[in-house]
Amino acid sequence: IFILLIGRLGKVELVASNMAQQVNMLGILPMVGIGFATSILVGRFQGAGRSDLATRAVFSAGSLALAYSITAAILYVAIPSALLAPFTAGKAEVATTEILVLATGLLFFMAVALIIDSLTIVLGGALKGAGDTRFVMITNALTSVFCLVLPTWLAIEVFDRSLFTAYSIMIDNLGSIATAFIIRFRGGRWKSIRVIEEEKG
């Protein structure tokens, strides 16, 4: 829905947005893998009754994801032309100067979003691995509607704001999710969740 709303701004904005999103896949996909690994490890350690090891796994995964995301974010800002080059090479001819300027600006927003995403992916994976899936689902659903889609619709359709405003809203949304996950994880309720009941004998 967010991308569809971006399309309401115009073709140039939509193309620039899609280009930036495609470049961002280079940064996001490895962290998705880290998130899956975190979920598996937390589930395993929680099943063994070792919340201490689960916590250690989360901090290790978080450190790895944060280091990777910061490195990728620096590249987004430092060499945007090189990252966007595939869209101008050969017969692609989809990137005009105006589109490239917008896409380059969006990579800065993507850099910030990627770093925040490193937290949401790892902590979300940890909570799901521990069995706290309802909280993750409700948080994602509520923030998607009230922190992303509705504000973006208002910004574009009602207040006629720019593409960068929409991406600022996206970053705020990710920040809301990260904050909720951090509070939930630090609260420690996930440590007491038992997905598989212990046998009574």
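For the sequence shown, the tail end lands on 598 under my numbering, and the numbers increase by one without skipping.
By construction, the Cβ of each residue, glycine as well, lies at the ideal position given by its N, Cα and C atoms.
Pick from Phe556, Ile518, Ala538 that is closest to Phe582, judged by C-alpha positions: Ile518
Rounded distance between the beta-carbons of Tyr473 and Leu480, thought under 8 angstroms: 7 angstroms
Buried versus exposed, by CB contacts within 10 Å (16 or more), Ser589: exposed
Grab the span of the alpha helix (DSSP H) containing Thr439 for me, first residue to last. Note on residue identity: the sequence assigns Val, not Thr, to residue 439. 408-444 is the extent of the alpha helix (DSSP H) around Val439.
Count the other C-beta atoms from every protein chain shown that fall within 10 angstroms of the C-beta of Phe578, then say buried if there are 16 or more, exposed otherwise. buried
At a threshold of 7 angstroms, does Leu401 count as lining the ligand ATP (C-beta to nearest heavy atom)? Within the structure as shown, the ligand ATP is missing, as the structure has no ligands at all.
How about Ala500 and Ala417: are their beta carbons less than 8 angstroms apart? yes
Within 8 angstroms, strictly: CB atoms of Ala434 and Ala527: no
Mark Phe556 as exposed unless 16 or more other C-beta atoms lie within 10 angstroms of its C-beta, in which case mark it buried. exposed
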